Structures are given as structure tokens and as C-alpha cells.
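Peer 1:
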Amino acid sequence: MRAFPYTIVGLITLTAFPHARAGDDPRDAVFALEQRRIEVIERVSPACVCILDELQNGGGSGVVIDEEGYGLTNFHVVAGMMGSRKGLAGLNDGKLYTLEVLGIDVTGDVAMFRLTGKDRFAFAELGDSDAVRVGDEAIAIGNPFTLASDYHPTVTLGIVSGLHRYQGESNTLVYTDCIQTDASINPGNSGGPLFDRDGKVIGINGRISAEMHKYARGRFNVGLGYAISINQIKRFIPHLRAGLLGRHGTLDATVTDDADRVVFDNMYEDGPAWNAGIRVGDGLLRFGGEDIRSANHFASLLGTYPERWPVPITFESRGRVKHQVVRLESIMPQMNRPYETPPKTNALAVKETLHGFAEAVLGAKFPETPRVWSWWAVRIAGDKTTVFTITDEPGGKLERFESAEDGTERRIEVEDGKVALIEGGKRYLADKDESLLITAMQTLRRQVLVGAMDMIPSGARHLGGDALTETDHDGRITRTRLLETIRWPMSDEVELHVGFELDTGLPARVVVRDAPTDRAVEIELDDYREAGGIVWPHRMRVVTSSGRFDEGIGRLDIEW
Amino acid sequence: MHSRGGLIVCLTLVAAWVEIAAASPVRDEAFEIARMRQTLFHEAVDRVVPCVVRIDTIGGAQPRVAGEVAPPEEEEDDGSPPPDLTPFRDDLGSKFLVADGPTAGLIFDADGWILTSSFNFVREPAHITVHLTDGRDYVAELVARDRVRKLALLKIDATGLETPEWVPRAEIKVGQRTIALGRGFGGDTPAVTVGIVSALNRMAGNAIQTDAKLSPANYGGPLIDLRGRILGICVPMAQRPGELAGVEFYDAGIGFAVPFERVTEIVADLKEGISFDRGWLGVSINTRARNECQIRAVADPSPVRGLGIRRGDVIAQANGRELRNIQNLRQAIYMVPAGEVVQIIIRRDDLEYGYEVVLARNTELGALVNNEPPPIDPDKPFTVPKKLPWK
Amino acid sequence: MVGRRLARLISVACVALASSARAGGFDPAIEAVSERVVRLFGLKAGLSAGYGSGVLVSDDGLVVTVISLLLDAERLRVVTPDGTTYGADILARDREKQLALLRLKPLSQYDRRGRRVQGAAVGAGQFKYFEPGDSRALHPGDWVIAGGNPFKVAQGDERISTSVGVFSTRTELDARRKTREFPFRGEILIIDTVTSTPGSPGGALVNLDGAWVGLIGRLVVSNRTHTNLNYAVPVETVDAFVRSALDPDGSAQAAADVIAEPFHGIKLFELGYQKKLVYVDGVKRRSPARRAGVKKDDLIVSIGGKSVSDIVSFKEVMRRRSPGDKVKLVVIRDEEIKTMTIELEEAE
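Chains as they are written, first to last, in my numbering: chain A, 2 to 561; chain B, 33 to 423; chain C, 6 to 353.
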């Protein structure tokens, strides 16, 4: 409504003054937009890739998403290169670069590659496909019919025709939650980017609707192209960068439309749905924060999540509405041959993640000496509440626990990896959870937060992506932090997982796991602010567990 | 007086506007710009319409073999289909019917020269007429064709015709709006389709590419910018020879237009009645040879016969492009008409020899022969650098 | 005064540029079309038998669509924009215009336990619908927005597919389906957004304001260009059909007769086998052609703006004309173009 008076003015000027002076001409607004589109295309075109196999055959497209030369395409574009993992990529500087295929997502038809051949590659920024609306301008860039003999890609313009489309026929190449566009997409555009009008990638173009019967035209654009939404791909990017096989998640349960409800009609015992307390006949109300409208809607949403991903679910069981966060199981994609992660790729991903972290926390330098750090904590175990603080003095080896209630001093001593608690002069071994917690705290401070990354033992492995999802009491998502996880062994028995936030490179989750007992302590780090020259978390949340994350023996909220 | 008129216009519009606005509330700046863009489409079309003619043809038939006549270069040794250019076959080219409906042309200069597409005359019509926007009709003469760039030049007996303004190629930008005008549906107004410039340097530099819907409805018509200036002449094109090549892309958002610079290079010849035809090396390629472009037989006479090139030789490069199969060869030379030069590198016994070959017309080629030509004079061929610059 | 306002418009435009306004300005039209186009599915022996689109033309569930195979199915399933499923009865068909009118009705379904679930009721004031707009006001280059369900991609309560293009031109339909002539006679709206896809026909075409200007037509191949046509039947033609179908006479049900060629008085002959030339063999005395100045041995170029490639194509044009119509004839006589206008008369 705010625009109302201006629109009238627009009409009048068009009608009554068709030949207004140049400076006053409302046509200028159109020409300004034209200019803007031209500039956006100029800016993003150098990041668009024409993909060929090693013999310079075939034709596909891709897009570079960072200056190191990492990029995205469709799996079906590089499927023929999986033997050598090598291909060629033409950029609009007219040159061919070497392309290496990294991780692939067979089900979702996405692959990541890395280009080599120059120091810095032009790249395109990733947008937010959840913010896209029908009617938005969409720009597709790619190499249809391998027309780009000079590797200058083809640019086509259209609008977003539909959202959340589901284009699945089998277990492979399932396009879920994809963006439908009428921008012309043709064979060879596969793997190329779909941009919004600001030049941010909102999807990877992958398939088109075309009639293939005898009288039909064949594989040419008829106004319906589909792009895999970039937000789905973002969840898989850490897997793909690390050279891992992107596996999709499942609830191990199926749903069906039943009159006006969506109900569970089949499930495996001990699957994620079962373990969350869902039974056949229960109604599915919400998944991943979205109200579920149909079985198809659920299938479309589910297909966007990787295995092990935490997803909030709201369901109705015997008249009661329940909220849970479930971790999905893995769908095994159909593969022609066993998939092996290239070790170099994974090692490089580890290095880059840690490098990004070091930069984020420390800038270029390490702090000179650790200062006094303390946390206060509240522990609720049964009906007993204990408030205590942990203080770490400069250069000191011991941490001191104090109970605020009775003033009893507790000390911790760590000897040979074993943790002892000294309380009121009595010394006893901490229980496993406490022990793990303290190990985690120490590791956090000494190795993770202080950034002594050169101390990381060998054997580190990049595990791909994960998420931290926060929900409110209605089970709605209030915040999602995308992570990439690195695992390394601390000893023969204990291993450490650190989840670094994708956006910032900062540690968001530290998990210490004791393999023989399968017990783990998980610390979530949040509210990073600068303190004393380094960026430091000002809020922590600790979950101890006995096997499953949500069944802790206690819970500590620790704040600095 | 003027201001009162303006006021009345205002009030009427406000009234009309309120009514429309009540029906649908979401009208924002973007909507207003869309409306403005629509006005610009109208203005651009209006500017160029006097220069767009309707061409009718009388008589003529489907080309004897729709698509292309199998040339010696494409003869197969083993009868297997040729390797695909892309993973996706385009088999439409051979089943496309050429219609006899009206087509479009653009007045090139005031003295009755009309530029259009050679596609419009593949039926070899007996008579051609031209209908001007002002209503005048003329019998037209088809002066010459460029079957490589898919252009044709007509002459009508008229003077003082209105001519359009062309955009210099350097000013054309990828992403700018395009409007294509056609006459394929008859009537007195052109059919309008819109798009953007998709790429600048296509088909060996002979065309710009647009995603405006191009089809037999507007081949021969102009592609214009938002200011009503000519960007190029719409033609069907693909990376292969053949009079119908490229028509399979119709309405698929893959369209080509020949820009001014390329038109002016050839228009003087066309006016002289000189046609451009596909150029031939006069070789047959062994499609069984793996990963190389090996010669199976050479036509005698042919451009390569006199150079001593013979069966078993490998064409390693053409115009700086490395060749691995017959498709590569076709892509390297499909835009070089007969009479123009192609640089090729021949490999024999691990030695490479460079040549500049003037391509011939199909009709100038003799039969394929396998006998030994005179040996290559080791002093005569020149060796060229492995990488030749090419456009 | 105006200058200042203009400045304001431009500044608003600049704000629009600076902000991340992504929309192309088609929101009102997309909203209008998305809320008024229904998806049609045919059911035969419980199996799917075709799909298409339709346009709501009344608030109590009248839907207009094109004739297609799906109308021959045992049952029709209609999904409205909010995802509700209805049944439908066919009220009328017009085989010449290739249009059909449906009325929605409740559709009972069975749930997975085999219990019958009553379908949604149909009543007055229930549906958003289109009033006919004005297709004659369309100017080549005007934005048009097409809405339908091509390839039935929209499932459940998903929105239909909308695409944007421009109005190309208005022309008389001259087309075929596979090898058979398409019976539709009259003007159509050519558009440059692709609608020649399964499922699109029966959808709506609207202008930038969201006003309904046409109904997406059936899949046909143009005889003039031999390409798949992207077109819409003008809303006036659709509206006339709806009105006559609701007329108690039921005149729309009457099958279209083959219209006889009106009297012009030209006898033709053809020359050539593949390249045919059509010449005037003779002109009847006191005939319209004689009065117009047609002479023996004139080479026919075009009739009524359509090129003449053989005698059949000449007769095809004439059959579509009525007595009293004036039709323009272009001939070549002595290497010169002659244009004549023949006023057709009643056939004897």
C-alpha cells in the first residue's frame, strides 16, 4: 500500500508525457535495472564452468563457490569421470583447467569438484533458497549443447515458476524441494547455477520436463526446468568437500495421506521414528519446522537432509502432541562400484577447516599467556542442586571446584589421563561422565580454544556436515547452526569430535567420546565475543549422556 | 489549457487505478517497472516495424532430404551411428518439415535490398513477394544466399525505403534485453518475442545468442534492443553444417542472430550475386579409428589431394583446435565457407605438417580415391606451432 | 510539480534497486492466476487417464477447459488451488471451438481403512473465479502470465506452475494435431512462453494486471511454421461459449457443420509435382471474382493473407469465410503484383 501514490505518478507520466526529458524519464528506472542485470551477469560469469571429460567430450556445467576453486555440479555430469576423478573445466577466460571430482551425492544428484591451475578463482556467492518466492527473477547460466566453444557460458532469464517441487521416480536422482523455473534450461545446462537477480546462487540446475515419445520434440526446453535448492546442497557441502559420499537421511518409516491427515503407516523397529516414540497410526504434524500438508510434502522435505542430521519432529500419538529431535538414519545409495574417499581430499578438508578456525579465533597470532578463566555452573541431579565455579589460574595445572552452598572445596587432579576429584580432603575417582567432561574441558581450553592445533595428533578425519538445531517448547526451530565435524583420537579409547560452525569457522560443539563405554560428553559453545585479543565463547551448554544424547545423567549450564 | 487537460487525465487515471488496485492489492515498484518495461517493448517495436517486411513464397517443396545430404566426410566404415556431439541426440533436424508460410526480412538499405534468412528459401520457391508495412507489395529477386551464416539477400524494385539503426557489436552486452520480430503468422503486425542476450561470440564468431523464442516464425526478422536498434538477423544455427541445422532449437531458448559487422563483411558479395556455400576438405574420415581423426579416403580432385595428403594420415588440428573425432572436425570448419582458408595440421609417422587449405564446394569434389598420391616434399610443408591462435 | 513527482518515482525505483526486491513485478498476476486455475485428472477403472487444467468462471464451481481425452474418462477429479478435491460433471462441449464446461460436485473418497469420507461440498460464493478481461486490448510485447499444470508437477496443495512471456500477435489458427486438421476456426493469441506441454491446455492466460485474457489451447502444430504453437483462445471466444452453454437451448452442444465454400467464381489449376503453382483456370461471368478483376492465368500468391501452396490450401481459406466477407487476393500477372478484394456471395 505504501507504493500507492508512486504508482499513480508512474501511470500519469507514461500516459501524459511520453517524451519526458532524459533525466526525468521513468524509462531510466528500467534502463538502470538493465544495467544492473548486465553487471550482475558480468560479475558471476567468471565463476561459471563448462565441464568436459578428459577427452574434451560431453557437456555439462558447474559453478565455482570459493576462491580455492571448489565448485558444484550435478553427479550425472561427472558420473563418467569417476574412474579417474579427473575432468576439464573451461572458464570464460577461454582457458581449460583441471577438474578433480571430490565428494558426490548420488541420490541428490550433486557433486563437488575442485579446479586447479590458478591461485584464485572467481566464485559465486550462495544465496538463501528458502527466501525465494514464485515470480522472482531467475538467471540460469551454463553450457547447453556445448555451444560455448570459447567457454563463455549461455545466460538465460526467467522467473521462478514453482517451489518445493518433488521430482523423484526412483531411489537415485531424487529431486526434492527443487525450484522450478521457466528460464530456458537445456541439455548441457546440467550442473550450472540458477541465480537470483542479485547474482547469488539459489540452486543447481539439474533436469527438465520434456516429452520423449515418438511425436515429441525430444530433449529441448519447454519452459520447465528444475534446480536443486541451494539450502539442501549447503547441508551436504561439508561432506562433499571432504570427499565423502553424501548419504541422505531416513526416518525408517513411511507416511501416507489419510483423509485430511498424514499418518505413519510403516516403520522399522529401532529406527529413528520408532526410537522417538512414534508408532504406526500416529499422525505426523510437523517435520523440520514445517507443518506437513501431504505425504508428498514430507517426502520432499525429508530428501533434503543428510544422514545423522538432527531434525525436529512433531507428532500426535494417542491424542497427545509430542516434540522430539530425531537423528536420521542413512539411506544407502545405489552405486555401481564401492565408493572410496580420496585420502588426500579428506586431509585437505581437515587442514582447511582448522586453518579457517585458527583465523577466526586468533586472527594471525596466538595469545601470549592464558589468563584466569572461570565458569560458573549449575548442576541439577535429581533433587540436588549444586552451584560451583571452575577456575583456571595462569600456568597452573589444577582446576578448583567450589560448591557455593557449603563452601566445600573440590579439586581436580589429572594424572595419566585419569581424573581424580578431591572433595573435603577426600579423594575419589570421578565417574565416567564427569571424567569425560573434565577431559573435554581441558581439551577445549588447551587444544581447541587456545588454538594449539599443531598439537593435534595425526589420524584426524573430516566427517562432513552436521547441525545444531534449537527448538522452542512447541518444537519449532528457533535457530540452526551448520557445522563441519573433525574427529581425532585422543588415546586408544577416547576420541574427540569438534564441530566448527560453517559461517564463522568457530567451534560450536565439542564431543568427547569414550569408545569402550560409548559414553560421551558434549559441549555446545555459543555467543562468541572478543576478549583479550581472541574470540571466545561466552555461553556454553553441556550435555552428558549414557549412549544417547538426550538422556544425560545431568546437565550443566556453564557461563563464563 | 494544457494543464487542465493533464489534470483530467490524472483524475481519470486515478479513478481507473483505484478500481484496479482494489481488485489486487500487491502493486509495488517492481510492478511499475514491469509496466514501464512493457511500454519500452512497444516503443522499440514501433520504431523498427516500418523496416520489417513480410515475405511470401510461392511454389517450392520440401528439400529432397530434410536435414543434410550425407557428405563424403560422414561416410561410415562400419555403419554405426556417428558419435554424439553431446550426450543427448538431436534427431529433430531430420524430421523437421519446412513450412511455406510467410516469413520476415529486414530492409538493409533504402534502395530495396532486403536482408533475410536463407532458411526461408530452402523449398526453392518459384516466386517471392515482399509486403511492406505501408501496404505496398513487390515481387522480389533472390540475389544471393550465405548458406553458412544462413543469410539471404533479396532485391525489390523500390527506393527511399526507411532503414533501421544497427547496434555496433562492441556495445552489445550479455544480459541486455532483446526483442525478436517475425512475420511467420501473417497479418500486418509482427509477432513479438522477448529475451536477453545469452552470449556474444557463438558459431565461430558469426552470431550472438539469445534466449528469446526464435523459430521459423521469425527467422529472417531482426533481433532488436530496448531502444529499437538492430542487434542482428535471426537465423537457425547449430555447430554442424546443414541448411536446417539449428531449427531443432526452435522456441527452446537457444537462438542466434548474425550481427552487423558480420553482415557488412559479406553483403557486398551478396549484392554481386555471390553465394556462400559450405566448404569441404574432400576427405572421408575413418570413424573406427579411436580418439583420432584418421583419413580413410581423399577425393580427387579436392583441396587436400594436391597437398599429398592420403589415406591413413591423421588430421591432428584444424584452425588451432585439436581433433579427436569427426565431430571435432565438423565443429572446427562448419563455419568456413568454400573459398576460405582453414589451417590444418596433418600427422603422419609421428611427424606433423601444417597446411593452409582453401576449402572447395561440394560440386567441385571428385570421387574418393585410395591410391597413393605423390609423396610429400619434405622441404615444402612448413611446421607450425602446436597451438595456433584461433577466433 | 510533475518534475518533482517524477524525481520521486525515480528515487523509489532506485530504492527498489538498492533493496533486495527480487520480484519481477508479476506478483499480482501470478496471485490472480494461481488462485483461479484448477487441476484436472481423469480416472478410468481407478487408474489415471490424462490430466489438464481448467479455469474457474463462477463462484459456485463452473470450470471452463479445453476438450481433451481426459474428458472421456469415467470420472473426473478436480483439485482446486487450496488442494481440495472435487468431482465434476461435463455440462457442455463445443467441438469446433474445442472447449468444454464443467461443474464441480462433491467427490466421496475412501480412507485407508476403507471408510467412506464425504467430499467437500460445493456451494455459491465458495470459489475465486475470473471475470472475462479484454484480449483485444493486448498489444504485441505486453507481458502475459500463463498458469496451468504442465507435466502435472504441482501435487497436493502445491501451487500450479506459472510462467511469464509476452503476447506475440493475434492470428487465425491454422493448425493440425498429428496428421489431422484441427477444427478450431477463429483468432487466437500467440504467446512466447511455452504452453505446448501436456497439462497446460485449459490453463489461464492473464495480463500484467492479472486480468483474464485467454485460455491456453490444445497442443497443435502450426501449418504456417510447422512448429508447436504456444497460444491461447481469446477470452471473448471462451466467454461466448460459456454463455451459450448456460443457455437452455444448449446450442453449444450442436456439432459444427462442415461449412461449404462461399461463392467466388474462380476455377483453379495446379502446375508442378512437388513445387506447385496455382493458376486461375477461368473466372465465372457475373461472379465476385470477375467483378474484382481476377483474370485467367493469374498466378495466385495469397488469399486472405495466407500463402497458397496448392488448390487445397486455397479452398481451406475460402471454407473459413462466410458470404458477405471481403477477402484479399494477391496474384502475379506479367511479373507484377496485383491485389484485389473479392466480396464473397452465398453458394448456389
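Glycine is no exception: its CB is placed at the ideal position from the N, C-alpha and C atoms.
This one's a predicted model, so the numbers in the text were calculated from it and none came from an experiment.
1. Inspect the CB distances between the stretch 167-182 of chain B and the stretch 330-347 of chain C and report whether three or more fall short of 8 Å.
2. Can you check whether the CB of residue 480 of chain A is closer than 8 Å to the CB of residue 1 of chain A?
3. Can you tell me whether residue 115 of chain A is helix, strand or coil according to DSSP?
4. Count the other C-beta atoms from every protein chain shown that fall within 10 angstroms of the C-beta of residue 142 of chain C, then say buried if there are 16 or more, exposed otherwise.
5. Between the Cα of residue 254 of chain A and the Cα atoms of A:246, A:263, A:247, A:248, which residue gives the shortest distance?
6. I want to verify the contact list: residues of chain B whose CB lies under 8 Å from the CB of residue 143 of chain C, in sequence order.
7. Is there a C-beta anywhere in chain C that falls below 8 Å from the one on residue 295 of chain A?
8. Report the CB separation of residue 83 of chain A from residue 54 of chain A in whole angstroms; it is logged as a contact under 8 Å.
9. Provide the residue(s) that pair with residue 315 of chain A in DSSP beta bridges, ordered along the chain.
10. Go ahead and label residue 183 of chain C buried or exposed: buried means 16 or more other beta carbons lie within 10 angstroms of its beta carbon, across all protein chains shown.
11. Find the residues of chain C that neighbour residue 223 of chain A, judging by a C-beta separation of less than 8 Å, and give them in chain order.
12. Which chain B residues are close to residue 155 of chain A, counting only those with a beta carbon under 7 Å from its beta carbon?
13. Between residue 1 of chain A and residue 193 of chain A, how many whole angstroms is the CB-CB distance? I'm expecting something under 8 Å.
14. Check for me: the alpha helix (DSSP H) holding residue 235 of chain A runs from which residue to which?
15. In terms of alpha-carbon separation, which member of C:62, C:284, C:288, C:152 lies closest to residue 268 of chain C?
16. Assess contact between the stretch 37-50 of chain A and the stretch 65-85 of chain B, defined as three or more Cβ pairs (one per stretch) separated by less than 8 Å. Is contact present?
17. If we cut at 8 Å on Cβ distances, does residue 326 of chain B have a partner in chain F?
18. Using only alpha-carbon positions, find the residue among B:315, B:221, B:290 that is nearest to residue 148 of chain B.
19. Count the other CB atoms, across all protein chains shown, that sit within 10 Å of the CB of residue 346 of chain C; report buried if there are 16 or more and exposed otherwise.
20. If residue 192 of chain C sits next to residue 175 of chain C, beta carbons under 8 Å apart, how far is it from one beta carbon to the other, in whole angstroms?
21. Measuring only between beta-carbons, confirm whether residue 360 of chain A sits less than 8 Å from chain B.
22. Check this for me: beta carbons of residue 243 of chain C and residue 67 of chain C, under 8 Å apart or not?
23. Take residue 56 of chain C and list the residues in its own chain whose beta-carbon comes closer than 8 Å to its own, dropping the five residues that flank it on each side.
24. If we count Cβ pairs, one from each stretch, closer than 8 Å, do we get three or more for the stretch 62-75 of chain B versus the stretch 188-205 of chain B?
25. Taking CB distances under 8 Å as the criterion, tell me whether residue 356 of chain B reaches chain A.
26. Report the CB separation of residue 209 of chain C from residue 38 of chain C in whole angstroms; it is logged as a contact under 8 Å.
27. Please report how far the alpha carbon of residue 226 of chain B lies from the alpha carbon of residue 137 of chain B, in whole angstroms.
28. Three-state secondary structure (DSSP) at residue 325 of chain B?
29. Pick from A:28, A:278, A:496: whose alpha carbon is nearest that of residue 518 of chain A?
30. Quick one: does residue 330 of chain B have its CB under 8 Å from some CB of chain A?
31. Taking the alpha helix (DSSP H) that residue 39 of chain C falls in, what are its first and last residues?
32. Along the stretch 183-212 of chain A, where does the CB come closer than 7 Å to a CB of chain B? Name the residues.
33. Could you tell me which residues DSSP puts in a beta bridge with residue 266 of chain B?
34. Just the C-alpha distance for residue 292 of chain B and residue 77 of chain C, rounded to the nearest angstrom, thanks.
35. If you follow the beta strand (DSSP E) that residue 77 of chain B is in, where does it begin and where does it stop?
36. Taking C-beta pairs closer than 8 Å, name the residues in chain B that residue 134 of chain A reaches, listed in chain order.
Peer 2: Result, derived from the coordinates:
1. These segments touch.
2. Any property of residue 1 of chain A remains undetermined from this structure, which presents chain A solely from 2 to 561.
3. Here residue 115 of chain A refers to the residue found at position 114 when the first sequence is read from its first residue. In this structure, DSSP gives residue 115 of chain A an extended state, which the three-state scheme calls strand.
4. Counting from one through the third sequence, the residue named residue 142 of chain C turns up at place 137. By the neighbour-count rule (16 or more Cβ atoms within 10 Å), residue 142 of chain C is not buried but exposed.
5. Numbered from its first residue, the first sequence carries residue 254 of chain A at position 253. Closest option to residue 254 of chain A, Cα to Cα, is A:263.
6. In the third sequence, residue 143 of chain C corresponds to position 138, counting from 1. By Cβ distance, chain B contributes nothing, its closest Cβ being about 11 Å from residue 143 of chain C, past 8 Å.
7. For the purposes of this step, residue 295 of chain A is taken as residue 294 along the first sequence, with counting starting at 1. When Cβ-Cβ separations below 8 Å define contact, residue 295 of chain A makes contact with chain C.
8. Translated into the one-based positions of the first sequence, residue 83 of chain A becomes position 82. Translated into the one-based positions of the first sequence, residue 54 of chain A becomes position 53. Between residue 83 of chain A and residue 54 of chain A, the beta carbon gap of about 11 Å keeps them out of contact (Cβ cut-off 8 Å).
9. On the first sequence, position 314 is the one that residue 315 of chain A refers to. The partner list for residue 315 of chain A (beta bridge, DSSP) reads A:287, A:324.
10. Counted from its first residue, the third sequence places residue 183 of chain C at position 178. When all chains shown are included, residue 183 of chain C counts as exposed.
11. Translated into positions along the first sequence, residue 223 of chain A becomes position 222. The answer, in chain order, is 155, 199, 201, 202.
12. Numbered from its first residue, the first sequence carries residue 155 of chain A at position 154. The CB of residue 155 of chain A comes closer than 7 Å to the CB of 230, 231, 241 in chain B, given here in chain order.
13. In the structure as shown, chain A starts at 2 and stops at 561, and residue 1 of chain A therefore has no counterpart that could be examined.
14. Against the first sequence, residue 235 of chain A aligns to sequence position 234. Residue 235 of chain A -> alpha helix (DSSP H) spans 231-242.
15. Residue 268 of chain C sits at position 263 when you count from the first residue of the third sequence. The shortest Cα separation from residue 268 of chain C among C:62, C:284, C:288, C:152 belongs to C:288.
16. Proximity of the stretch 37-50 of chain A to the stretch 65-85 of chain B falls short of the contact definition, fewer than three beta-carbon pairs being nearer than 8 Å.
17. Here the protein chains are A, B and C, and chain F is not one of them.
18. The sequence position of residue 148 of chain B within the second sequence is 116, counting from 1. If you compare the alpha carbons of B:315, B:221, B:290 with that of residue 148 of chain B, the shortest gap goes to B:290.
19. Within the third sequence, the letter at position 341 stands for residue 346 of chain C. With a 10 Å radius around the Cβ and a threshold of 16 neighbouring Cβ atoms, residue 346 of chain C comes out exposed.
20. Translated into the one-based positions of the third sequence, residue 192 of chain C becomes position 187. Translated into the one-based positions of the third sequence, residue 175 of chain C becomes position 170. Between the beta-carbon of residue 192 of chain C and that of residue 175 of chain C there is about 5 Å, and that keeps the pair under the 8 Å contact cut.
21. Mapped onto the first sequence, residue 360 of chain A falls at position 359. For residue 360 of chain A, no CB of chain B lies under 8 Å from its own CB, so it is not counted at the interface with that chain.
22. On the third sequence, residue 243 of chain C is found 238 positions in, with the first residue counted as 1. On the third sequence, residue 67 of chain C is found 62 positions in, with the first residue counted as 1. Their beta carbons are not under 8 Å apart, which means residue 243 of chain C does not touch residue 67 of chain C by this criterion.
23. Translated into the one-based positions of the third sequence, residue 56 of chain C becomes position 51. If you ignore the 5 residues before and after residue 56 of chain C, its C-beta comes within less than 8 Å of the C-beta of 44, 45, 46, 47, 75, 154, 157, 203, 204, all in its own chain and listed in chain order.
24. Using a Cβ-Cβ distance cut-off of 8 Å, the stretch 62-75 of chain B and the stretch 188-205 of chain B are not in contact, since fewer than three pairs of beta carbons, one from each stretch, lie closer than that value.
25. Stepping through the second sequence from its first residue, residue 356 of chain B is reached at position 324. So yes, residue 356 of chain B belongs to the interface.
26. As a working mapping, residue 209 of chain C is identified with position 204 in the third sequence. As a working mapping, residue 38 of chain C is identified with position 33 in the third sequence. Between residue 38 of chain C and residue 209 of chain C the Cβ distance is about 5 Å, and since that is below 8 Å, they are a contact.
27. In the second sequence, residue 226 of chain B corresponds to position 194, counting from 1. In the second sequence, residue 137 of chain B corresponds to position 105, counting from 1. Distance between the alpha carbons of residue 226 of chain B and residue 137 of chain B: 18 Å.
28. Taking the second sequence and counting its residues from 1, the one referred to as residue 325 of chain B is at position 293. Correct three-state label for residue 325 of chain B: coil.
29. Within the first sequence, residue 518 of chain A is the residue found at index 517, counting from 1. The shortest C-alpha separation from residue 518 of chain A is found at A:496.
30. By 1-based counting over the second sequence, the position of residue 330 of chain B is 298. Chain A, which has no Cβ nearer than 8 Å to the Cβ of residue 330 of chain B, makes this no.
31. As a first step, residue 39 of chain C must be located in the third sequence, where it is residue number 34. Where residue 39 of chain C is concerned, the enclosing alpha helix (DSSP H) starts and stops at 32-39.
32. Flagged, chain order: 185, 187, 188, 189.
33. Sequence index remark: in the second sequence, residue 266 of chain B carries index 234 (1-based). Answer is B:289.
34. Position 260 of the second sequence, counting from 1, holds the residue named residue 292 of chain B. Position 72 of the third sequence, counting from 1, holds the residue named residue 77 of chain C. Residue 292 of chain B and residue 77 of chain C: Cα-Cα distance of roughly 54 Å.
35. For the purposes of this step, residue 77 of chain B is taken as the residue at position 45 of the second sequence. Unbroken run through residue 77 of chain B is the alpha helix (DSSP H), 61-80; no beta strand (DSSP E).
36. The residue you call residue 134 of chain A lines up with position 133 of the first sequence. Here the premise fails: no neighbours, minimum Cβ distance about 11 Å.
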